[in-house]
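For reference, the structure discussed in these notes is given below.
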Amino acid sequence: MANSLNKAFTGVIALALIVIAVGRIPFSREKELSNLCREYYTMYLNQNDYSLKEKNEKIKMIANKTGLKAETNNVGNFCNSFYFNQR
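Counting from 1, position 31 in the sequence shown corresponds to residue 31 in full-length UniProt numbering; the numbering is continuous, with no gaps.
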């Protein structure tokens, strides 16, 4: 009897952990985009410190994660709207 209760509680705990982990996925994606936008703005503000290749790689990375075209205006507008719409 105790063995079956132990297995049942272990199963419930495992399911609870899975639900918590799945619930955290959107939060981590949002934070990843937030960090990428911060890095992009750092590159934008300190343009002389970064090569054109580094800036283009960052723009392409943000574009791939968001489904945007890899253009400076698109990424800049996304990052602006991303920050204004955060709560």
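Idealized CB from N, CA, C, for every residue including glycine. These numbers were taken from a predicted model, which means no experiment stands behind them.
Nearest-angstrom Cβ-Cβ length linking residue i and residue j, presumed shorter than 8 Å
i     : j     : result
Lys60 : Leu36 : Rounded, the Cβ-Cβ distance is 11 Å, inconsistent with contact.
Same chain only: Cβ atoms within 7 Å of residue i, ignoring 5 sequence neighbours per side
i     : result
Cys79 : Cys37, Tyr40 and Tyr41
Val75 : Tyr40, Ile59, Ile62, Ala63 and Leu68
Thr72 : Ile59
Ala14 : none
Ala70 : Ile59, Lys60 and Ala63
Beta-carbon proximity check, residue i vs residue j, cutoff 8 Å
i     : j     : result
Leu33 : Phe82 : yes
Lys55 : Met43 : yes
> Where are the beta strand (DSSP E) runs, 3 residues long or more, that stay fully inside the region 23-57, in chain order?
Replying inline: DSSP assignment within the region 23-57 yields no whole beta strand (DSSP E) run of 3 residues or more.
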